[in-house]
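J.:
2 protein chains.
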Amino acid sequence: MNRLLIDMETLERVAPIIRNVAHPLRLRILDYLDREGEPKSVSDIMDAACVGQAIASQQLRIMKDQGVLSSKREGNFVLYGIADQSVLLLLDCIRHHEAHK
Amino acid sequence: MNRLLIDMETLERVAPIIRNVAHPLRLRILDYLDREGEPKSVSDIMDAACVGQAIASQQLRIMKDQGVLSSKREGNFVLYGIADQSVLLLLDCIRHHEAHK
DNA sequence: TAGGTATATAGTGATATATCTATGTGGTGA
DNA sequence: TCACCACATAGATATATCACTATATACCTA
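The listed protein sequences derive, respectively, from chains R and L. If you're matching positions, the first sequence starts at 0 in numbering that gives the first Met the number 0 and goes up one per residue. If you're matching positions, the second sequence starts at 0 in numbering that gives the first Met the number 0 and goes up one per residue.
1. Run down chain L in chain order and give the residues with a C-beta less than 7 Å from the C-beta of Y79 (chain R).
2. Taking a contact to mean a Cβ-Cβ separation below 8 Å, would you say L24 (chain L) touches V50 (chain L) in this structure?
3. Give me the Cα-Cα distance between D79 (chain L) and D46 (chain R), rounded to the nearest whole angstrom.
4. Is DSSP giving L4 (chain R) helix, strand or coil here?
5. Would you identify the three-state DSSP class for D50 (chain R), choosing helix, strand or coil?
6. What does S42 (chain R) reach in chain L if we use C-beta pairs closer than 9 Å?
7. Identify which residue in L:A98, L:D43 and L:R27 has its Cα closest to the Cα of L87 (chain L).
8. CB I5 (chain L) to CB I93 (chain R), shorter than 8 Å?
9. Which ranges does the alpha helix (DSSP H) cover as unbroken runs of at least 4 residues, wholly within the segment 18-92 of chain L, from first to last along the chain?
10. I'd like to know if the segment 60-67 of chain R and the segment 54-64 of chain L are in contact, where contact means that at least 3 CB-CB pairs between them fall below 8 Å.
11. For E11 (chain L), would you say it is in contact with chain R, using Cβ-to-Cβ distances shorter than 8 Å as the test?
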């Protein structure tokens, strides 16, 4: 076996994204958005994650900056959705891992 | 669809582990150990990751503390191996993701 | 345009991480 | 036991992150 290692450039690009997502609240938000299957408002997300408005907004912004989420305004509400489906692999890993132990 | 969300307790337990692993050097080390398929010495790991001795030792310790790696001494050398195979799912995710774009 | 609702951002202090240098420790062989 | 090799840890500094409060902004309705 002499497979090539994943190159450092890739690791340096991917690591901070994973790192940012690997936060209890942010994982919860992603899990919620994944389950709902459609963009949800900040208020809904606050309820699902049991956090205050500022925190929710900050976490959402962080993930939006990373390209993990996208947002669109609809009247008074701003709806957030998953922009990069590949982060859901992480959730799959967690679910899979939890199921087998 | 009304699947349950992953509970916060699980997320809080798993997040710091993922977070710690989601570091370019540490991912590289895991990728290397995965590819080699057997425990390797700190010196080998230094070469594979292109880092100095102290840094390598520190990263290894961090992952060992988290239970991701294990170590055993063999003469002058200390060999590190992967203790928790489930972190390899992360590498699979990265490889898979990189392959499809 | 005034007032309300929903969301975003600024500012802050506490805590954690990254990285580097220097030094300590454990094992081996002369 | 001394010197050496492989590795571990301490200490210091810079930087990033967290969680919170207060305040600002955007949009709607009347």
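No residue lacks a Cβ here, since even glycine has one placed at the ideal position from N, Cα and C.
T.: From the atom records:
1. Along the first sequence, one-based indexing puts residue 79 (chain R) at 80. Result: empty, since nearest Cβ-Cβ is about 16 Å, beyond 7 Å.
2. Residue 24 (chain L) sits at position 25 when you count from the first residue of the second sequence. Residue 50 (chain L) sits at position 51 when you count from the first residue of the second sequence. Cβ atoms of L24 (chain L) and V50 (chain L): closer than 8 Å.
3. Against the second sequence, residue 79 (chain L) aligns to sequence position 80. Against the first sequence, residue 46 (chain R) aligns to sequence position 47. It is Tyr, not Asp, that sits at residue 79 (chain L) in the sequence shown. Going from the Cα of Y79 (chain L) to the Cα of D46 (chain R) covers about 44 Å.
4. Reading the first sequence from its first residue, position 5 is the one you call residue 4 (chain R). L4 (chain R) falls in the coil class under three-state DSSP.
5. Taking the first residue of the first sequence as 1, we reach residue 50 (chain R) at position 51. In the sequence as displayed, the identity of residue 50 (chain R) is Val instead of Asp. Here V50 (chain R) sits in coil by DSSP.
6. Here the question's residue 42 (chain R) lines up with position 43 in the first sequence. Those within 9 Å of S42 (chain R) in chain L number zero; the least Cβ separation is about 17 Å.
7. Locating residue 87 (chain L) in the second sequence gives position 88, where the first residue counts as 1. Nearest of L:A98, L:D43 and L:R27 to L87 (chain L), Cα basis: L:R27.
8. Taking the first residue of the second sequence as position 1, residue 5 (chain L) is located at position 6. Taking the first residue of the first sequence as position 1, residue 93 (chain R) is located at position 94. Yes; because the gap between Cβ atoms is below 8 Å, this pair is in contact.
9. 23-35, 41-48 and 52-64
10. Segments in contact, no.
11. Translated into positions along the second sequence, residue 11 (chain L) becomes position 12. Yes, because at least one Cβ of chain R sits closer than 8 Å to the Cβ of E11 (chain L).
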